[in-house]
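Written out below as structure tokens is the structure these notes cover.
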Amino acid sequence: MNSSRVLDADEAGLAKLAEVATWRESALFSEAERLALEYAERITFTDQRVDDALVARLKRHYSDGQIVELTAVIALENLRSKFNPALGIEAQGFCVVPPRA
Numbered sequence: 001m002n003s004s005r006v007l008d009a010d011e012a013g014l015a016k017l018a019e020v021a022t023w024r025e026s027a028l029f030s031e032a033e034r035l036a037l038e039y040a041e042r043i044t045f046t047d048q049r050v051d052d053a054l055v056a057r058l059k060r061h062y063s064d065g066q067i068v069e070l071t072a073v074i075a076l077e078n079l080r081s082k083f084n085p086a087l088g089i090e091a092q093g094f095c096v097v098p099p100r101a
């Protein structure tokens, strides 16, 4: 392990990771995180759109540069979700996510 210390589960965000699928109901996410997750869903799902109201809410928490970076990361993950399976690319084990209990 390259880290000088080991993070506990809360520091590593594992509790949040376990609740991403239910982020709307979870008390673990901040308003800014909820907006980022809503933004990700609106970008990802083809039946949804990013409207001016959502952009205005994002701008209350994020700079223009941060919104561009967030958009790029979301787009990259969307690319990977299509690209990798189409080519049979399996997970390489770099980010081990513990199974749900």
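For the sequence shown, this note's numbering gives the first residue as 1, with consecutive numbering after it.
C-beta atoms are modelled at their ideal positions from N, C-alpha and C, and glycine is treated no differently.
Remember, predicted model here, so these are calculated numbers, not experimental data.
> Using 8 Å as the threshold, is the region 32-43 in touch with the region 68-88, meaning 3 or more CB pairs across them?
Replying inline: Two segments are said to touch when three or more pairs of C-beta atoms, one from each, lie closer than 8 Å; by this definition the region 32-43 touches the region 68-88.
> By DSSP, does L14 sit in helix, in strand, or in coil?
Replying inline: Indexing the sequence shown from 1 puts residue 14 at position 14. Helix, per DSSP.
> Hey, quick one: how far does the alpha helix (DSSP H) through F83 stretch, first residue to last?
Replying inline: Numbered from 1 along the sequence shown, position 83 holds the residue referred to as residue 83. F83 -> alpha helix (DSSP H) spans D64 to A86.
>> Quick check on A91: buried or exposed, where buried means 16 or more other Cβ atoms within 10 Å of its Cβ?
In response: The residue given as residue 91 occupies position 91 in the sequence shown. Exposed is the call here.
>> Rounded to whole angstroms, what is the Cα-Cα separation between E33 and K16?
In response: Against the sequence shown, residue 33 aligns to sequence position 33. Against the sequence shown, residue 16 aligns to sequence position 16. Taking the straight line from one Cα to the other gives about 10 Å.
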